[in-house]
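Under the numbering used here, the first residue of the sequence shown is numbered 3, with each subsequent residue one higher. Quick notes on the structure that follows.
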Amino acid sequence: MALDKLKKEETLAMRKRLIGQSCRLFYSDDPVKIVRARGQYLFDEKDQRYLDCISNVHHVGHCHPSVTKAAAAQMDLLNTNSRFLHDNIVLYADRLSATLPERLCVFYFVNSGSEANDLALRLAQQYTQHEDVIVLDHAYHGHLKSLIDISPYKFRKLAGQKEWVHVAPLPDTYRGIYRENHPNPGQAYADTVKDLIEEVHRKGRKISAFFAESLPSVGGQIILPQGYSAKVADYVRSAGGVFVADEVQTGFGRLGSHFWGFQQQGECFCPDIVTMGKPMGNGHPLACVATTVEIAGAFTANGVEYFNTFGGNPVSCAVGLAVLDVIEKEDLTGNATRVGAHLIDLLTKLQTRHQLIGDVRGAGLFVGLELVTDREKKTPATETAALVVKRLKEEDKICVSTDGPWENVLKFKPPMCFSMEDAELAVQCIDRILTDIEASDLKLEKDDI
Ligand SMILES: Cc1ncc(COP(=O)(O)O)c(C=O)c1O
3 MALDKLKKEE
13 TLAMRKRLIG
23 QSCRLFYSDD
33 PVKIVRARGQ
43 YLFDEKDQRY
53 LDCISNVHHV
63 GHCHPSVTKA
73 AAAQMDLLNT
83 NSRFLHDNIV
93 LYADRLSATL
103 PERLCVFYFV
113 NSGSEANDLA
123 LRLAQQYTQH
133 EDVIVLDHAY
143 HGHLKSLIDI
153 SPYKFRKLAG
163 QKEWVHVAPL
173 PDTYRGIYRE
183 NHPNPGQAYA
193 DTVKDLIEEV
203 HRKGRKISAF
213 FAESLPSVGG
223 QIILPQGYSA
233 KVADYVRSAG
243 GVFVADEVQT
253 GFGRLGSHFW
263 GFQQQGECFC
273 PDIVTMGKPM
283 GNGHPLACVA
293 TTVEIAGAFT
303 ANGVEYFNTF
313 GGNPVSCAVG
323 LAVLDVIEKE
333 DLTGNATRVG
343 AHLIDLLTKL
353 QTRHQLIGDV
363 RGAGLFVGLE
373 LVTDREKKTP
383 ATETAALVVK
393 RLKEEDKICV
403 STDGPWENVL
413 KFKPPMCFSM
423 EDAELAVQCI
433 DRILTDIEAS
443 DLKLEKDDI
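Dropping the structure here:
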């Protein structure tokens, strides 16, 4: 039985006519129409299977039966808003609390990463009574107006930087201002934030928050140097501000070794606010802000109710609980550690054979392969990255995306059930395509001579 209601061309034509054109498709020249999915696989209208290296949202695997069953059962029983007393919201908050440091023990449930970051901004500004925000260069924190304002990745292309927003250098030890050869990049990059705070103070302004992803993704899968976050938190807190860790992409064991990305910075570091989203509901819109009693208390003290119609409803919380159960039962964090290490190892070996690979980095199943046309100059190989993505889709039925300021970083963030064999297949195919591209580049050079 056909699973689609329209022919592919009809769907495409209707989409062009009815859906805002700024909502872009993957592979816009020849989009893939997906009609069903399971685990780490997507299936198109002809039942062609694609290996999915893109869908970090479908964290425990597409349409995981435990998650869909939990959602359907709760949907069949009751779905209300969180103004009625219900077990699911408190049981879920309690489970999340067990994964976090003790001081992050108050929760607000929302429906998207953007809503979570917008609320984090309000919490920080209310608690500190300051306005200004420091963000990392190239960051993206969401699509609401407040978040476009604190997302250099977006505001650079739009109205520009607001006077209350300050941009710190991305702590990128591959191509940033301090690199692998620096004796203490964590301290050096943290000091750039200290300098920025001093500059803000000289203008008579005050810092409410520092926002950063625990492993900047849109920035190009950047691993924060050790010691960076704790030092920045010290500087920001001394200025009366708070540290917001955006775990929308990096949370729920994605990075393998730790349940939360910020934990990679060591036990001595704990943010004041953590925002989470994407993987939390395995595709169901579910997101959250976790914070301290003091920050939540200041938010309550303004006397205004926080009401979110859908946030924390019984169905969303049933889904969230089921996702946590699957992560535990199937040891998906362990799988991310093992398969991610294997993937990084294979890609690193590939780097010895392909000049086009400038850097391999990441943690768990959150891995970046940076392509460059010149290793010394680190010139971004943007077109080649796009070509690899296209050929992987067309020739091998593997879906991979690109990221980074120059879109030259191939990004792997598959469902967490991604296997060793999946990793090996993806690397073999990349190897073949890069070999091909290098051979044709060489031929072009020869022809030029
Ligand atoms: C780091 C980060 N924060 C926040 C968001 C916004 O989340 P959402 O799209 O669920 O609103 C995103 C989305 O891509 C993100 O990558």
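The C-beta atom is built at its ideal place from N, Cα and C for all residues, glycine as well. Note that the coordinates shown come from a computational prediction; the quantities given were computed from them, not determined experimentally.
What did DSSP end up calling residue i once you bin it into helix, strand or coil?
i	result
Val34	coil
His203	helix
Ala39	strand
Ser116	helix
Val62	coil
Gly406	coil
Asn310	coil
Tyr29	coil
His344	helix
Asn183	coil
Met278	strand
Tyr110	strand
Phe414	strand
Leu44	strand
Phe261	coil
Cys401	strand
Ala241	coil
Asn83	coil
Thr381	strand
Cys290	strand
Val246	strand
Rounded to whole angstroms, how far is the Cβ of residue i from the Cβ of residue j, which I believe are closer than 8 Å?
i	j	result
Ala118	Gly279	6 Å
Ile179	Pro171	6 Å
Ile152	Val135	5 Å
Phe254	His64	Contact doesn't hold; Cβ gap of about 16 Å is too wide.
Asn337	Cys419	7 Å
Tyr110	Cys290	7 Å
Asp380	Gln223	Note that residue 380 corresponds to Lys in the displayed sequence, not to Asp. With a Cβ gap of about 15 Å, Lys380 and Gln223 do not count as contacting.
Lys1	Arg51	Lying before the first or after the last residue shown, residue 1 is absent from the chain, which here runs from 3 to 451.
Ser116	Leu146	5 Å
Lys18	Glu47	The pair is not a contact, with the Cβ atoms about 18 Å apart (cut-off 8 Å).
Is the beta carbon of residue j closer than 8 Å to that of residue i?
i	j	result
Phe368	Thr294	no
Pro227	Tyr191	yes
Leu394	Cys431	yes
Leu138	Pro187	no
Val250	Trp262	no
His143	Phe213	yes
Ser114	Pro287	yes
His344	Ala425	yes
Gln266	Ala161	no
Cys55	Pro281	no
Trp166	Glu200	no
Phe301	Gln128	yes
Phe264	Ala247	yes
Ala303	Leu53	no
Ile435	Val362	no
Gly258	Thr354	no
Gly22	Gly221	no
Gly242	Lys208	yes
Val112	Asn310	yes
Ala141	Glu215	yes
Output the boundary residues of the beta strand (DSSP E) element that contains residue i.
i	result
Ser210	209-215
Phe420	Neither: Phe420 is in no beta strand (DSSP E) and is coded neither H nor E.
Gly360	359-365
Phe368	368-376
Leu138	134-138
Ala170	167-170
What residue does the alpha helix (DSSP H) around residue i start on, and which one ends it?
i	result
Ala324	316-331
Arg51	Not the alpha helix (DSSP H): Arg51 falls in the beta strand (DSSP E), residues 51-54.
Thr384	384-398
Leu79	67-79
Ala100	89-101
Phe301	295-303
Asp151	147-151
Glu11	10-20
Pro154	154-157
| query | Between the stretch 35-44 and the stretch 227-237, are three or more C-beta pairs nearer than 8 Å? | reply | no
| message | For the stretch 341-353 against the stretch 320-332, do three or more pairs of beta-carbon atoms, one drawn from each stretch, fall closer than 8 Å, so that the two count as touching? | response | no
| field | Contact between the stretch 299-317 and the stretch 441-451 (3+ Cβ pairs under 8 Å) | value | no
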